[in-house]
Amino acid sequence: MRFAITKSPRRTVFVVEASLQARVATQIGKWQLEKQAAVLAFEQLPAAPEDTVDYIVFSDSNEESLLQSLRSAWPQAAVFGFWNDFYPRAACFNWGRQRKFDGPIEVMYAVVSTPRSGSTFLAELLTANQLGAPKEHVRNPLSFLAAGVGGRDRLARFVDTIAQLTARNGVAGTKIIWHLAERLRGSPSLAGAAEVIGRATNKRIVLLYRRDKVAQAISNYKAQLTNAYHIRSSTELSKYKEKQIPYSFEELMKHHAAMLDGERRLLKDLTQIKSAWPGSRVEIMTVIYEELENDIRGQLAAIVKFITGKSPELSLEARVQKLADEYTEEFSRRFREDYRAKFGHSADDASTVIERAAFELSAS
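Going by the UniProt record's numbering, 133 is the number at position 133 of the sequence shown; the sequence numbering is gapless.
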């Protein structure tokens, strides 16, 4: 078996199975994995690696046995498995934290939404109130985790590790942007993940949606053009507002259609979500972003009680900044005018707005 070795600027060495090198480099480029790397035979790996270097092993088939071999050969080095150690921590922004929650996990929940629906804002509020750490754990590399021989066990281990790393007070949470989860639809490996989640006594889904599809489309359009999806400081917000974003009815129409289509698919998939845990009841709560924005304390109190059954003192701390500005308002006005001129009806009529009742009917 041949491997590629590549170093990142942070003194992390990835030991990658050669047949996976191109795919891995593409998928985890955000962690500074270099695409150009020397390919060495396994027996040519350094006999005595530096003890200041972390080695991350990536193998699609035998990561566990390879980890055992390398840890025996390199006792002075820190050797981690990509699927076993590194990716779960990276996925929950928890790299470096070694201690896992060792108590029983009574509640597992997911905040489920389509893009630009306010899920990050809600997730930060839930994190501030010690309800796990609902980050976007479902990302592109999961398609590799779930695929191939042993995918079911790998995905189950991933979910289990995420829950243990993020749990607070017996509660573990995640955040799922639905178009990413759709890529795993039909994977037999999901059964393994469902088994792990099924261990929790209570399972909850907080279904968050944004009624104003025009505002959601504008938000998605601006985020993709600026690559600024979340702003967490006034300095970042000032720089963001300095960027010139052109108005385009045609481009906004594409985003508007995509947002609406994604939400309709999510409605259709609610049945599949509930059937993932046969024999147990999955509670689903519908939350409207606009109502959360207008009454943070009241809505958050209802969500916390739904998840935990309790009514504790609440923290309203959330770092994410609201990105809507005068340009958003101007884009919204122009888009609605152009939409009516083109189609002869409002962009906010029954054909383009999904009301709460539709979600609650699907969730019942």
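A virtual CB, placed ideally from N, CA and C, is assigned to each residue, including glycine.
These figures come from a predicted structure and were not determined experimentally.
query, result
"Comparing alpha-carbon positions, which option in Asp85, Leu314, Pro104 and Glu293 lies nearest Thr127?", "Leu314"
"Please determine if the region 164-176 and the region 129-136 are in contact, where contact requires at least 3 C-beta pairs separated by less than 8 angstroms.", "yes"
"Pick out whichever of Tyr339, Trp83 and Arg210 has its Cα sitting closest to the Cα of Val287.", "Arg210"
"Please classify Ala41: does DSSP put it in a helix, a strand, or coil?", "The predicted position of Ala41 is uncertain, since its pLDDT is 29 and thus under 50; a value taken from the coordinates is nonetheless stated next. Reduced to three states, the DSSP call for Ala41 is strand."
"Quick check: the region 217-225 against the region 246-256, are at least 3 beta-carbon pairs closer than 8 angstroms?", "yes"
"Taking the alpha-carbon of Asp160 as reference, which of Asp85, Asn227 and Gly118 has the nearest alpha-carbon?", "Asp85"
"Assign Ala217 to buried or exposed, taking buried as 16 or more other Cβ atoms, counted over all protein chains shown, within 10 Å of its Cβ.", "buried"
"Contact check, Ile205 vs Val282 under 8 angstroms by CB: the rounded distance?", "6 angstroms"
"Give a yes or no on whether the C-beta atoms belonging to residue 370 and Gly262 are separated by under 8 angstroms.", "Not covered by the structure: residue 370. The range shown for the chain is 1 to 364."
"Counting along the chain, where does the beta strand (DSSP E) carrying Asn202 start and finish?", "Asn202 to Tyr209"
"When you compare the CB positions of Leu260 and Val111, do they come within less than 8 angstroms of one another, or not?", "no"
"In whole angstroms, what separates the C-alpha of Lys213 from that of Glu291?", "15 angstroms"
"In chain order, what residues of the same chain have a beta carbon less than 8 angstroms from the beta carbon of Gln299, not counting five sequence neighbours either side?", "Val287, Glu291 and Leu292"
"Apart from the five residues on each side of it in sequence, which residues of its chain come closer than 6 angstroms, Cβ to Cβ, to Leu252?", "Ala217, Tyr221 and Phe335"
"Note down the Cα distance separating Asp349 from Tyr339, rounded to an integer number of angstroms.", "11 angstroms"
"Over the uninterrupted beta strand (DSSP E) stretch that includes Pro174, give me the two end residues.", "As written in the sequence, residue 174 is Thr, which differs from the Pro given in the question. Element bounds for Thr174: Val171 to Ile177."
"Are Glu64 and Phe82 close, meaning C-beta to C-beta below 8 angstroms?", "no"
"As a quick exercise: from Phe331, Met285 and Leu165, pick the residue whose alpha carbon is nearest that of Arg89.", "Leu165"
"Give the straight-line distance between the Cα atoms of Tyr109 and Lys342, rounded to the nearest whole angstrom.", "42 angstroms"
"DSSP on Arg116, reduced to helix/strand/coil?", "coil"
"Please classify Lys203 as buried or exposed, where buried requires at least 16 other C-beta atoms within 10 Å of its C-beta.", "buried"
"Looking at the strands, I want to know which residues DSSP matches up with Ala110.", "Thr174 and Ile205"
"Any idea which residues DSSP pairs Arg168 with across the strands?", "Val171"
"Among Val304, Gly344, Ala163 and Leu70, whose alpha-carbon lies nearest the alpha-carbon of Ala91?", "Ala163"
"Between Thr308, Asp295 and Tyr327, which lies nearest to Ile245 when the distance is taken from Cα to Cα?", "Tyr327"
"If you draw a straight line from the alpha carbon of Lys243 to that of Thr226, how long is it in whole angstroms?", "8 angstroms"
"Residues in the same chain with beta-carbon distance under 7 angstroms from Ala167, minus the five sequence neighbours each way, listed in chain order, please.", "Phe101, Ile105 and Gly132"
"Does the Cβ of Asn129 have 16 or more other Cβ atoms within 10 Å, making it buried, or fewer, making it exposed?", "buried"
"With Ala77 and Tyr55 assumed to form a contact (beta carbons below 8 angstroms), what rounded beta-carbon distance in angstroms separates them?", "6 angstroms"
"Are there 16 or more other CB atoms within 10 angstroms of the CB of Arg116, so buried, or fewer, so exposed?", "buried"
"Does DSSP put Glu337 in a helix, a strand or coil?", "helix"
"Use the C-beta contact count for Glu330: other C-beta atoms within 10 angstroms, 16 or more gives buried, fewer gives exposed.", "exposed"
"When you compare the CB positions of Arg297 and Leu316, do they come within less than 8 angstroms of one another, or not?", "yes"
"So the candidates are Val57, Val79, Tyr87 and Thr114; which of them puts its Cα closest to the Cα of Asp269?", "Thr114"
"How is Glu251 classed by DSSP in three states: helix, strand or coil?", "helix"
"Run the CB neighbour count on Arg157, radius 10 Å, all protein chains shown included, and call it buried at 16 or more, exposed below.", "buried"
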